[in-house]
Every structure is written in C-alpha cells, then in structure tokens.
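Asker: Respectively, the protein sequence lines represent chains S, G and C. Numbers in the working numbering are just positions in the first sequence, counted from 1, shifted up by 3. Numbers in the working numbering are just positions in the second sequence, counted from 1, shifted up by 1468. Numbers in the working numbering are just positions in the third sequence, counted from 1, shifted up by 159. Even for Gly, the Cβ is constructed at its ideal location relative to N, Cα and C.
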Amino acid sequence: MTRFPSNTRSRKIAGAFYEGLCAGVALLTLAALAWLLAGIARGGWGTISWEFLTQPPDNGMTAGGVFPAIFGTVALTLLMIFLALPLGVSAAIYLTEYAGPGIAARVIRAAVNNLAGVPSIVFGLFGLGFFVLFIGRGLDAFLGEKLLFGQPAMLWAAATLAILVLPVIIVSTEEALHAVPASQREAAYAMGATKWQVLSRVVIPQARSGILTGAILGVARGAGETAPILFTGCAYYLPRLPIVRIPDTPIWMINPLDQFMQLSYHVFIMSTQSHNPTLVRPIVFGTALVLVTLTFLMNLGAILWRRRYRRMREQARG
Amino acid sequence: MTLRKLLIALVSLSLATTCSDAKAEKITVKGSDTMVITAQKWAEVYQKENSKTSIQVTGGGSGVGIASLINGTTDIADASRPIKKSEIDSARANGVYPFEVKSALDGLAVVVNRSNPVKELTVKVTAGIFTGALNNWKELGGPDHEIVRYCRESSSGTYVFFKEDIMKNKDYAADCQTLQGTAAIAEAVAKDPYGVGYGGIAYFEGRSDLKILPISPEKGKPAINPMKPGGKGVNYEVIYDRSYPISRYLYLYLARKPSGEIKDYVDWITGPQGQKIVEETGYIPLPGVLPPPAKPGN
Amino acid sequence: MDKGIPLDNSLAHGRTPVVRLRASEGLSARRRRQVLLDWLAEKYFAAAGGLAILFILLIFIFLAREGLQAFRTIDPMRFIGAMTENVITEQPEFTTTWQPVSEVPKYSLLPLMMGSALIAIPATLFSGLVGLACGIFLSEIASRRLREIVKPGMELMAGIPTVIIGFFILVSVASLVQDLFHTTRRLNAFVGALGVSVVIIPTIATLVEDAMRAIPREIREGAYALGATRWETIRRVLIPSSMSGIAAALILGMGRALGETMIVLMVTGNAAVLTFNLFKSVRTMTATLAAELGEVAQGSEQYHALFLVGLVLFVFTFFLNMAAEIVISRMRRRLRL
Chain S
4 MTRFPSNTRS RKIAGAFYEG LCAGVALLTL AALAWLLAGI ARGGWGTISW
54 EFLTQPPDNG MTAGGVFPAI FGTVALTLLM IFLALPLGVS AAIYLTEYAG
104 PGIAARVIRA AVNNLAGVPS IVFGLFGLGF FVLFIGRGLD AFLGEKLLFG
154 QPAMLWAAAT LAILVLPVII VSTEEALHAV PASQREAAYA MGATKWQVLS
204 RVVIPQARSG ILTGAILGVA RGAGETAPIL FTGCAYYLPR LPIVRIPDTP
254 IWMINPLDQF MQLSYHVFIM STQSHNPTLV RPIVFGTALV LVTLTFLMNL
304 GAILWRRRYR RMREQARG
Chain G
1469 MTLRKLLIAL VSLSLATTCS DAKAEKITVK GSDTMVITAQ KWAEVYQKEN
1519 SKTSIQVTGG GSGVGIASLI NGTTDIADAS RPIKKSEIDS ARANGVYPFE
1569 VKSALDGLAV VVNRSNPVKE LTVKVTAGIF TGALNNWKEL GGPDHEIVRY
1619 CRESSSGTYV FFKEDIMKNK DYAADCQTLQ GTAAIAEAVA KDPYGVGYGG
1669 IAYFEGRSDL KILPISPEKG KPAINPMKPG GKGVNYEVIY DRSYPISRYL
1719 YLYLARKPSG EIKDYVDWIT GPQGQKIVEE TGYIPLPGVL PPPAKPGN
Chain C
160 MDKGIPLDNS LAHGRTPVVR LRASEGLSAR RRRQVLLDWL AEKYFAAAGG
210 LAILFILLIF IFLAREGLQA FRTIDPMRFI GAMTENVITE QPEFTTTWQP
260 VSEVPKYSLL PLMMGSALIA IPATLFSGLV GLACGIFLSE IASRRLREIV
310 KPGMELMAGI PTVIIGFFIL VSVASLVQDL FHTTRRLNAF VGALGVSVVI
360 IPTIATLVED AMRAIPREIR EGAYALGATR WETIRRVLIP SSMSGIAAAL
410 ILGMGRALGE TMIVLMVTGN AAVLTFNLFK SVRTMTATLA AELGEVAQGS
460 EQYHALFLVG LVLFVFTFFL NMAAEIVISR MRRRLRL
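1. Going residue by residue through the stretch 223 to 253 of chain S, where are the continuous alpha helix (DSSP H) segments of at least 4 residues, counting only ones entirely within it?
2. According to DSSP, S/D61 sits in a beta bridge with which residue or residues?
3. Measure the alpha-carbon distance for C/I378 versus C/G209 and round it to whole angstroms.
4. Can you pull out the residues from the stretch 388 to 414 of chain C whose beta carbon lies closer than 7 Å to at least one beta carbon of chain S?
5. Under 7 Å, CB to CB, which of the residues in the stretch 443 to 462 of chain C have a partner in chain G?
6. With DSSP as the reference, identify every bridge partner of C/L244, one or two as the case may be.
7. Answer yes or no: do C/E299 and C/I393 have a C-beta to C-beta separation smaller than 9 Å?
8. For C/T232 and chain G, any beta-carbon pair shorter than 9 Å?
9. When Cβ atoms are compared, which residues of the stretch 1668 to 1692 of chain G fall closer than 8 Å to chain S?
10. Per DSSP, what are the beta-bridge partners of G/F1567 in this structure?
11. Of all Cβ atoms in chain C, is any one closer than 9 Å to the Cβ of G/A1490?
12. Pairing CB atoms from the stretch 1705 to 1722 of chain G with CB atoms from the stretch 1621 to 1636 of chain G, are three or more of them under 8 Å?
13. Between S/S274, S/L307 and S/V92, which lies nearest to S/I207 when the distance is taken from Cα to Cα?
14. Find the nearest neighbour of G/A1632 within the set C/E262, C/V330 and C/D369, judged by alpha-carbon distance.
15. So, is the C-beta of G/S1596 closer than 9 Å to a C-beta in chain C?
16. May I ask you to report which of helix, strand or coil DSSP gives S/N302?
17. Check the Cβ of S/Q209 against every Cβ in chain G and list those closer than 7 Å, keeping chain order.
18. Among S/K198, S/L39, S/R313 and S/F133, which one has its Cα closest to the Cα of C/L329?
19. Taking all protein chains shown into account, decide if G/D1639 is buried (16 or more other Cβ within 10 angstroms of its Cβ) or exposed.
20. Against chain C, does S/E317 count as a neighbour if the rule is that its beta carbon must be under 9 Å from one of theirs?
21. Nearest chain C C-beta to G/I1534 closer than 9 Å, yes or no?
22. Helix, strand or coil for C/D369, going by three-state DSSP, please let me know.
23. With DSSP run on the structure shown, which of helix, strand or coil describes G/G1609?
24. Thinking just about the alpha-carbon of each residue, which of S/P170, S/Y101 and S/S212 is nearest to the one in S/W308?
25. Can a CB atom of chain G be found closer than 9 Å to the CB of C/G351?
26. Could you tell me whether the Cβ of C/A333 comes closer than 9 Å to any Cβ of chain S?
27. Check the DSSP bridge columns for G/D1643 and list the partner residues they point to.
28. Between S/C25 and C/A384, which are expected to be in contact by the criterion C-beta below 8 Å, what is the C-beta distance as a whole number of angstroms?
29. For a minimum of 4 consecutive residues, which ranges assigned as the alpha helix (DSSP H) are wholly contained in the stretch 426 to 496 of chain C?
30. Using the Cα positions of S/F263 and S/P245, report the straight-line distance between them to the nearest angstrom.
31. One question on the structure: do C/A446 and C/L470 come within less than 9 Å of each other, judged by their Cβ atoms?
32. Measuring alpha carbon to alpha carbon, tell me which residue in S/A78, S/R316, S/P280 and S/P104 is nearest S/M157.
33. Helix, strand or coil for G/T1573, going by three-state DSSP, please let me know.
34. Need the endpoints of the beta strand (DSSP E) that G/L1681 sits in, please.
35. How do the stretch 400 to 420 of chain C and the stretch 346 to 362 of chain C stand: do at least 3 beta-carbon pairs fall below 8 Å, yes or no?
36. Reducing DSSP to helix, strand and coil, say where C/R395 ends up.
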C-alpha cells in the first residue's frame, strides 16, 4: 500500500508542476501543428488564385496551375469511396448486428485493426502485384486485349486506396450503428419485422450521418495518401484530364483506365524532382495549401459532425 | 435519403465510365527525369500545333522508361543513357525491338558549394570522390572536412552513366546520400559547404550559390570548363568535340521502327522546332540542326 | 408492417435463419420472401465481414509470391552481406550494402532494417513521452472545454497528409535543425524521426487517453480517499493501471513509424549505411521501396528483392499490430472483471 506523505503543500506544488508540464506539452504539440499549417498557408497564400485553381501547369511545370491534379484527386477519391463505402458499411453491419461476441468477430476485428496498420507503401506493392499485374493482366489475357487493364490506372489506384480506407469506414460505421438505441430495434422486432427489415428501415437510416462521417474521413485519408498510388496510376504530367466521352453521346465521364495527376504526388514530385525547385517553390506551397485545405476541411467537418451526434447520443441516454 | 442519392449517382457514374471506350489515340512517353522537363515542353508545344495528338509524359528515371517499353506500357522511353544489352535481350524476349533515336546532348557537371576553394578535378579524382576512395577535402587542397556526397537514385540514367563512364563501373560509396532529382542535388549542395554532387549542366546553370568545377580528362592535361567564360551558357564546342570528358546523348527509345503519328512526333523533336526547345530547357541541341548563333556585332 | 408473428428471442440475436425458414412453413408467400431476403442479407454481410481477413491474406500471399522468388536467384547469405573490394586498401572485405544496380548487385537488408529502426525507435520514444503527456492531459487534467479544443486538434494533426509534413521539413525544419545541432548532413535520421513523430503522436495520445478513461471512477476515488493529490493519483495509480494500454499505444506507434514512407523518403537523405548515428543519413525499407520499385523491370532480380523487403516490412508491422491487439484485448478483459 502506497503511503502518501503528509507535506501537503510541497506535494501540491509538485503536482501542479507535473500537470502543467503535461498541459504544456499538449499545447506545444498543438502549437507545432499550428506552426506547420501557418507555414504552409503563408508560403502558399500568394500563389492561390482563380487561375491557379483552374489552369493546367504550363511552361515545363514552372508556371500555370494545378487543375488537373485537383481533378485527379477528386475523381480518384470518388471512385475509391464508391468501391470502399459499400464494403466497409456491410462489414461493419456484420460486426455489430450479426457477429456477436464470438471468435469470428474477434478475428475480423483483429484483421481490421491489422489492415489499419499495414504500411501505406505495402498497399502500393500489393496494388501493383495484385490489381495491376494479377487482375489487370489476367483480364487482358481473358479478354484478348493487348494491354488495356494491365497497366497503372485510376481504377487500380482507387481499388488500392479503397482497401487502405476500409478500416476507417468500418470503425466509423460501427460506432454509428452502436449509437442506434436497442429499444428501437426491439420495437421493430416486436412488430414482426425480419432482421433485414429492421436493418434497412430502422437502423441504417438512423446511422446515416455516422456512415457519412466515416465516408468523409475515408475520403480525407485517401486524398492525402501518396505511397499507394506511386506504382498504381499517378502521372507526373498529363496534358489532358483523365476523361473520356461515352460513345454516341455528348456526355464526358471520368476514365478509370487512364492515369491521373494527383495533389499529394504533385507536391512530392515538384519538391524533389522539379527542374528548378527555387523557382517552383511557390507552386509547391500553393499545391500543398490546396491539399491541406481540402483534407483539413473534410476532417474538421467530419469531426464536428461526429461530435454533434455523439453528444446527441449522450443526451438521449440521459 | 442523401446517402442513397449519392450512391445512385456514383453507381451510374461508374457504370458509364466502365462501358466507355478507353482506347483514345495517344502517345505515352515515360522515362528519364533528366529529360522530363524537355519531354514535357515538347509535348506541350507539339500538342498546341497538332491538337489531334495527345501526349502523356511521366518521369521516374531512364530505367523506368525502358522497363515500361519492355513491359509494353509506353510508346516512347526517354533515356539519358544508352539501352543496356540485358535490356535489349529482355525486350526481345517480350517481342519488343527497341529503336534508338538521339534527341539531344547533355553535359554532366560536378558541382560544389560556392565557398569551396577546390578549383578543378580530374576524371580520376572525381571517380575517387564518389567511390569513397577520397574522403576529405584536404586531400584535394580544400578545408579539413569530410566530403559529403550527393548522388541520384539508382533508377536514374545519370546514376548509371556516371558510374559507367567516370567511375569505371565501381560502386558508389555506401554513404552517398541519394536524392530524388538533380534539382534536389543542386539545392542540397547549395546549402552544404562540404557537399559535392553531379548532374545535367542545365540544372546548375546560372546559380550563384554553386560552383561548376572544370574537369580534365587526365592528370597534366588542362581542365575544361563546360561553361562559356563568365559562366554564361554552356560551351557547345567542348561538348561537340568531346574535349569536355563528361557528356552524353539523350535518347528516345521506341518499341519499333517509328511510323504514323509517332514518326511525325519524333521527326519534329529532332527537327529545328524540337531542338530549339532542347536549347531553351538548358540542354545541348544535336549538332547541325539549328543555325549557329549570330555572333555579336554581325 | 406485417401482421404480428410471434418472434422468439433467437431472431433478435441472429441465430441461423435456416431454422427459421423451416419454422416458417405454412407462412404467407410474402413472409417467406422476406425471410429468404433476410437469409440472403445475412450471408452477404458475413461475406463482407470476411473481406478484411481476405485482404490481409491476399496482401501476404502476393508479397510472398513475388518476394520469395528472390531466393531462386539470390543466395540467402547475400541478404546479409557480400565480399567486396575496399576502394582504398583494395583488399577484399565483408560489407553490408544495398546496391542493387551494380556489376555484382548487393542486396544486404541490414542497412535498410537499421535505417528503419533508427527512425522508428527514436520517434517512438519521443512520441511516447509527448503522447503520454497529451493523453494524460486529455483524460485527466483538461477541463471539458479545453479538451474539446485539444482533442479535435490532435485528430486534425493525424489527418495531415504525410507528404505535406515531408515537404515542410524539407524546406524549413531541416535547416533549423542543422543550425541548431551543427550537423554535417542536413537530411538525417533525426529530422526523419521528428517528422514521423508528427504522425504518431496523435495515435499514441488517443490510445493513452482511451486507456486512462477506461479505468473505473472508483479507483480514482479510492486514491483520493487515501489522501493522494490528483497528480499522485495519475502517477501512482492511473499510469500503472493503464500500463498495458500505454504499451499497446507504443507498439502501434512504432508500427506506424516503421511503415511511414513519404516523410522518410523526402528528408532522411536515403544513404544505405549501417550506422547508429542519429545525425547520419539513413535509408529505410519504405523509402527504398518507394524510390526503386517504380523503375525496375517486372520479374527482374531487383524486383523480387524489393518485394522481399516489402514482405519483411509487412511481417514486422503485422507482428507489432498483433502484439498490440493482444495487449489491448487482455486489458479489456481485465477491466471487465
């Protein structure tokens, strides 16, 4: 049994000191974050203009804007979330609604947690080995195409990222499903609904905003990743957008079999492999600012939204 | 049901995209980071003149370009070194018969920080620096401080060319810092008073914080400066007559003998317009394509 | 809704619906269709749930499929080191270098592993201290209002793209550090570890906070009743009782640090040397993959060697993740008692 000495005053002072230390470290960490963001903002602010956001790079990437990279990032993450959201939500539904506390659920949870910890570059390797070479080349051989699917493309990059963000979506969705009060489920069962009816008409509609939060967090995560797309589809420079016209219609669509430019890759390539880093530094800062703003706003939105419904849940519980 | 609407929109979008025809007419160019600026400028200008052609340029290194040519994922591979025998063999095994086009010349320069007192090097000393045989600037008449080496990634043509041509195929010292691009080397050496690096002259031209070292082919022979006196522009003469010891051709490799659209593009590159861009982006045009520059006073 | 059909409790808890299907003989066609749909839904969701396991397995299989082929042409000994000629003495010596583009390619994994360790260990130690302080602050010290500012701040920090951190360190922090410590190399393991810390501090802080919040209120009250101040409660009671949670946080943080790619690729200098010096340039496994894989011909010796590096990296992080998983689930079980 620990005995506490009786010298109350010095103990209080020591306690205040250590508590202050913890608070100081926490606030310093946030200050470092603020410093980083301010540095990016200060460096990039002068570059941001309407032209920068809407024009392609010009003059050997030393002038012009980053529109293709913005477009590529948006297209890529849309495609990614389209692949990841149904899978992630379904997996979360299985975990919360069907699996119960048994061994299956524990193994799946362990796998989800493990998936969240796989290094992003390993996803890149996997994307190249599995999607591009195995699936892509396999499809080409099957369809008798010379080379259509078996090369780096937005589709494969999106699929790789989809696996990477799967844990984010699963965890958020699980939380959202748990937040639906058990009483509502029981009421529906009492009215004779099947489990699927309870899920589709009671539980999922109520968990919608939680699921959307997960989707936004997933998109923010996916938009900021670079390593998984290095080998699976992004390009240094593309003179046109990765879009294609649907035959016989005037409608243009994202072409998932094309390569794409992407903001985070653009930051990487421009800061390490540009012809003249000093000259293009404002462009890199500008690109970084666009990327940070995008991910920051998405994350902030998701966090605030999540906080709101968490609080609502707490209130509902009393 | 915003979520459902979103999902429906995404489904229709993706269905529409997968049904569409993905094989639009385009030329893909991949390879050397040294050439990527020039390659991109070529693509930019060429497309303005020929709006039907679409050209896609990716960097990554000469090795990447040639590997892609072998894998069949690119039409043109930019390479800052000649293709290797082993690469030709594996290309043939894949049914690809690489066709070589010389597109420009490049001089490589060895640079140190402006403050470094070392004045010139021989090829042998340069090799010694990068293999790790020489480790202190004192041995070269500089300050008593260890030499900090900056090199390129092993994928770059510059890495291979320098290793084969200057270092006689010896390995780089293990403590070479590998940076992703020649520009990164320029930046690093500019910030490091004891640094030394190498790369295409274009990257170092006009920087006051760097010093390009004249190099002599062997001890006793005069060191040749790749720059014109006063440091304004590259001295083409010493590159063309090969008296400056570190220069190379920049190549385009094609999967087969060029025809159609690709042939037009390659001809345009080796013609006056393409070579003008070579000069503008800091490389050395092929001899005889461009008219000699007018002498001042004429 | 349908006419009420009496439901026993097994339905609500998702027991095998096949039983229900049999029990539902003689029900209306509509009901039977619903029950069938219900059965299909369960199978579909179970399949989706299994995906996470499938993906982990696929990652392992595809890394192993490509990576283990390296052993077909490369003697296992060469992954440790090789005999080379010393450039100065011209005597043969045993060296551990990673030089895949060479007359005699050298594939020693030791400098890459050492590089990864030289980033991950200091980053984990530093972030462990900072993350512990942040976690304690969030869980025990901060007022509710302060917590609601600091906590989202941490979450936002975790969401910054790593390439941004790498870029910022490359252009400004690296020079500051060099001026401060007068290092010969501007890009070194130290700045790499610093950058990686930005990524893993939020991870560690959140996990520490969760572990401390999970401790029942009675334990704190017991300590106060014995006359302990709040800090004494934290130090002598809460930290020891959340030790497994803190350990799990450190393990997971280390896993993230080992796997971080873009920051180390941009700021560590990427020199594959075997060193213990924090201020030397190092080359991590992740940076090697990112820098070299894009360029090699598929199926070449180097290609397989790189996949082997990926496999090693995956196995390392897999065991770290599993260790953390086990520690956390043990903690949960103990707290439930």
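Answerer: According to the data block:
1. none
2. S/A66
3. 39 Å
4. T388, R389, W390, E391, R395, L411 and G414
5. A450, E451, G453, E454, V455, A456 and Q457
6. Rather than Leu, the amino acid found at residue 244 of chain C in this sequence is Glu. DSSP output for C/E244 lists C/P251 as bridge partner(s).
7. yes
8. Closer than 9 Å: no.
9. A1670 and Y1671
10. Beta-bridge pairing links G/F1567 to G/L1722.
11. Low confidence applies to G/A1490: its pLDDT is 40, below 50, so where it sits in the model is not reliable, and the reading given next is rough at best. G/A1490 does not count as touching chain C.
12. yes
13. S/V92
14. First, the residue type needs correcting, since residue 1632 of chain G is Glu and not Ala in the sequence shown. Looking at the Cα atoms, C/E262 is the closest of the given residues.
15. Looking at the sequence shown, residue 1596 of chain G is not Ser but Gly. Interface residue, yes.
16. helix
17. The premise fails here: S/Q209 is roughly 12 Å from chain G at the closest Cβ pair, so nothing lies under 7 Å.
18. S/L39
19. buried
20. no
21. yes
22. helix
23. coil
24. S/S212
25. no
26. no
27. Note: G/D1643 sits in no beta bridge, so no partner.
28. That pair is no contact at about 24 Å.
29. 444 to 451 and 460 to 495
30. 6 Å
31. Result no, Cβ atoms of C/A446 and C/L470 do not sit closer than 9 Å.
32. S/A78
33. A small fix is needed here, since residue 1573 of chain G is Leu in this sequence, not Thr. Reduced to three states, the DSSP call for G/L1573 is strand.
34. L1678 to L1681
35. yes
36. helix
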